[in-house]
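What follows is a set of notes on a single structure, which appears directly below.
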Amino acid sequence: MDIFLLALFGGLALGCIYGLVGVSFNAIYNVCQLVNFAQGHFAMLAIVSWYFLIVVYKVPIAIALVIMIVVSMLFGVAIQFLVAEPLIRRKIPLVSLVIATLGAGLCAEGIAGIFTNFSILLIEPVFGYMTIKVGPVGLLMQYVLIYGCTVFLCFFYWWFLEKTWIGLRLRAVGVNAEMASLEGVNLNKIRCLAWCISAGICAIAGWLIGPLIQSSALVGLSLVIYGFVAAAIGGFRSSFGPLLGGILIGLLISFSRAYLHPAAGELAMFLALILILTFRPKGLIVA
0 MDIFLLALFG
10 GLALGCIYGL
20 VGVSFNAIYN
30 VCQLVNFAQG
40 HFAMLAIVSW
50 YFLIVVYKVP
60 IAIALVIMIV
70 VSMLFGVAIQ
80 FLVAEPLIRR
90 KIPLVSLVIA
100 TLGAGLCAEG
110 IAGIFTNFSI
120 LLIEPVFGYM
130 TIKVGPVGLL
140 MQYVLIYGCT
150 VFLCFFYWWF
160 LEKTWIGLRL
170 RAVGVNAEMA
180 SLEGVNLNKI
190 RCLAWCISAG
200 ICAIAGWLIG
210 PLIQSSALVG
220 LSLVIYGFVA
230 AAIGGFRSSF
240 GPLLGGILIG
250 LLISFSRAYL
260 HPAAGELAMF
270 LALILILTFR
280 PKGLIVA
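For the sequence shown, the positions run 0 to 286 when numbering that gives the first Met the number 0 is used.
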């Protein structure tokens, strides 16, 4: 029972993080029809920023949180205006555009590595190592924070898209950018907002998971892969699909590691990806 509960709680926490990264893919894809492979590097920059702000410079938590999110958003805007938009105007192949975003992420990884020497960043959880008793095991409060923030962010993201006039414009640009422009929508501002939302979600994901993993400037690429798989399984166009995909692969990885082999998690995840996309090419939830 102890192993089961630990695998369950750990898998849910990982799944929430992968789901948030997957949702951040959705934020850009729905507006720009672009799969941005620098998503995980938004989270990486947030982790590195948080480390320097909190551990090195002892900045108050609230201020550090705002700065951390702004840093990731600025990187997102930089990719949009310096990489994505110029290449889109040149009508280069989509594959080349995706590779360019990955290159931008790897550039950020290299810059972060210069400041951190690619060393492991020891970050204490927000609530320390406080636990609450759940049956025979202790549940780390950081897990509770992950669950709560994930639910709040995903519902807020859905509400923002469906119930606000800005969300309506985001969806309109995603459906038909030319028609939205004729209706007076500023395409550059809306696309910039989409990149900022995406980077902000990833920044929160990085902040949440940073204390629980071996954080370094190298974590970005792995988060890209897990988040992409979550979005592909759940459905790129659905607001909640990537979260569902993330939770599924988080639980699958956790239980595979617990009951099969420590290295079986990723194998199980990719087998599930192949199986699901074979029967549901657009993911489990089609918007």
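Glycine included, C-beta positions come from ideal geometry on N, C-alpha and C. All figures in this text were calculated on a predicted structure; none of them were measured in a lab.
- Shown here, Leu139 sits in a strand according to DSSP, grouped into three states.
- Between Ala202 and Met67, the C-beta gap is smaller than 7 Å, which places the two residues in contact.
- If you draw a 10 Å sphere on the C-beta of Val94, you find fewer than 16 other C-beta atoms in it, and that means exposed.
- Between the region 210-221 and the region 77-94 there are fewer than three C-beta pairs closer than 8 Å, too few to call the two in contact.
- A direct Cα-to-Cα measurement between Arg190 and Cys106 gives close to 22 Å.
- Boundaries of the beta strand (DSSP E) around Val133: 130-133.
- Non-local beta-carbon contacts of Ser118 in its own chain, meaning distances under 7 Å to residues more than five positions away in sequence, involve Ser215 in chain order.
- Here the region 0-13 lies against the region 140-153, with 3 or more beta-carbon pairs under 8 Å apart.
- Taking the C-beta atoms as reference points, Val22 is found no nearer than 7 Å to Gln38.
- Per DSSP, the continuous alpha helix (DSSP H) segment holding Gly240 begins and ends at 240-258.
- Counting along the chain, the unbroken alpha helix (DSSP H) around Pro85 starts and ends at 84-88.
- Distance from the Cα of Phe126 is smallest, within the candidate group Ser238, Phe8, Ala111, Trp206, for Trp206.
- For Leu270, the closest alpha carbon among the candidates Leu242, Val285, Ile232 is that of Ile232.
- When the five nearest sequence neighbours on each side are left out, the beta carbons in the same chain lying within less than 6 Å of the beta carbon of Ala171 are those of Ala179, in order along the chain.
- Residue ranges of uninterrupted alpha helix (DSSP H) with 4 or more members, entirely inside the region 136-216 and ordered along the chain, are 140-162, 164-174, 176-181, 186-208.
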